[in-house]
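Residue numbers (the numbering used here): 357 to 930.
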């Protein structure tokens, strides 16, 4: 198997018509060796997969017409700004009525769809007996995407351990709801009404006494936002992300919003790097004058990170225009001094929350730039000394609806136990005798098999999707033949990974395995993530001691950000 020595270094696969079949050998579970033979057609002069180079996607350079923006700042009289490069880091569809988009651009944006994400902070009284878990997730509700409560995270336990949280009188808890694509998304009031009506009826909700938190102005502490702009399987097969990529640089415009590739901060950071590292291949170039005016629309993570990258390249005239009164986008960290042990603040995450081993490179870059001072990456634990008993975690999964056709296990299962049992169920069902379906279950054997299949998944990932992060530069035709991520797992004998992927992918709000295209599954469950799960000595899921917003707060003073900037017209073409 030929891999790039650094997973962050692009190692493109051959063009679709030159790709052969990958033959995956069985993997020695003791020595963890991967054997792969690539049967490629003989091409003169080609010695390895990494020698292939993809064709230029966008050979046309942008016209020289500067971009003109009409805007009002803090409600003042309209004014104009011009720039040599416009970077759209906000939702591009929100600009349709004010920007002179081309028909091609409108066609790309018109294929996007999204979910609606809602989180609410509640204050709970710790019951007696105290809860066994600090994070509970319901895969069935997440799959339904009907806007019902699908899980919660005890923020006090996240920060200080469940043992510490249970010793207190009150805790702070974030409750999750998710709605699928619809023309009429639920309003904030509808989400809150649903929460208040259904939360007390859930047999896995451990806090009978709760109240929704309000701020000093009496406003509910919650977040309702469009979430995970993406293309459905038909849109992917029609070339959605790669048509999007072909727009880059045209009309002096770049797009770096999460809709370009994937919602998460990590993929937005990687996508910015991809655009800058592949300028020639993508057929565009940055201004040669390092003092050229550049305007970034949107002070969310993607806009701030891209502006930071531009400054790192020596550009001295980069301004971010943000329509709201805050920066940070979908990062919503709210900090409370109470309830809290010993007066220590609790960072509650209503938006961006977790990190995985795949974030290591990005986190190191942030740290080197001085954006993570005092903000520690840490795990989440049951015990105050962080020495959790073997086989027990702070996370639990709701089993309701997850084991159809067989006697259901307990309603709540520890995450590690659920991962193994769900994987065993999916890989072996239907069972000849449903009543005795667990007779062949051996946790150690299933765990070993999961690691074997995870390594095989990595081989298929390299073969189908390639190693360029965060996405391949041309459509991975073979991967797009699968109707869903679950379809990909089933047809490649990888269903034993289902339980693990439900948490690693679906629970993050990126869609059910049986509905979301395999392409997006393999964008998120990338090689750095899977290798980290296997080999990293860090916890698989980590959080930040001061919260994600603290990163943007430390970054903001290094950038030129104008808040409350309402853009009313964008002209890019003469």
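Where a beta carbon is used, it is the ideal one built from N, C-alpha and C, also for glycine. Keep in mind that this is a model prediction, so the values were computed, not measured.
With respect to the 7 Å criterion, residue 479 and residue 491 are not classified as neighbours on the basis of their beta carbons.
Annotated three-state conformation of residue 615 is helix, per DSSP.
Annotation: the stretch 804 to 883 contains the following complete segments of the alpha helix (DSSP H) (minimum length 4 residues), in chain order: 841 to 847, 854 to 860 and 874 to 880.
The C-beta distance from residue 657 to residue 621 rounds to 5 Å, short enough to meet the 8 Å contact threshold. Per DSSP, the beta bridge partners of residue 752 are 492 and 770.
In chain order, 753 and 855 place their CB closer than 6 Å to the CB of residue 774, counting only its own chain and leaving out the 5 sequence neighbours on each side. In the DSSP secondary-structure assignment, residue 742 is not bridged to any residue. The C-beta distance from residue 597 to residue 827 rounds to 6 Å, short enough to meet the 8 Å contact threshold. Of the residues 820, 860, 527 and 742, the one whose Cα lies closest to the Cα of residue 498 is 860.
By the neighbour-count definition (other C-beta atoms within 10 Å, threshold 16), residue 434 is an exposed residue. Here the C-alpha atom of residue 570 lies approximately 10 Å from the C-alpha atom of residue 476. In the pairwise beta carbon analysis, the stretch 790 to 807 is classified as not touching the stretch 554 to 564: fewer than three pairs are separated by under 8 Å. In this structure, the CA atom of residue 614 is about 15 Å from the CA atom of residue 588. Between residue 496 and residue 756, the C-beta gap is smaller than 7 Å, which places the two residues in contact. Leaving aside the five residues that flank residue 448 on each side, the residues in its chain whose CB is nearer than 7 Å to its CB run, in chain order, 465, 611, 613 and 615. Here residue 675 has 651 and 916 as same chain residues with Cβ atoms under 6 Å from its own Cβ, once five neighbours each way along the sequence are excluded. Each of 450, 576 and 870 was checked against the Cα of residue 548, and the nearest Cα belongs to 576.
Nearest to residue 758 by alpha-carbon distance, out of 482, 679, 870 and 721, is 870.
The three-state secondary structure of residue 550, taken from DSSP, is helix.
Going by DSSP, residue 637 is part of the alpha helix (DSSP H) stretching over 635 to 638.
Beta bridge pairing from DSSP links residue 664 with no other residue. Residue pairing for residue 428: DSSP places it in a beta bridge opposite 922. By the beta-carbon neighbour count (other beta carbons within 10 angstroms, threshold 16), residue 551 is buried.
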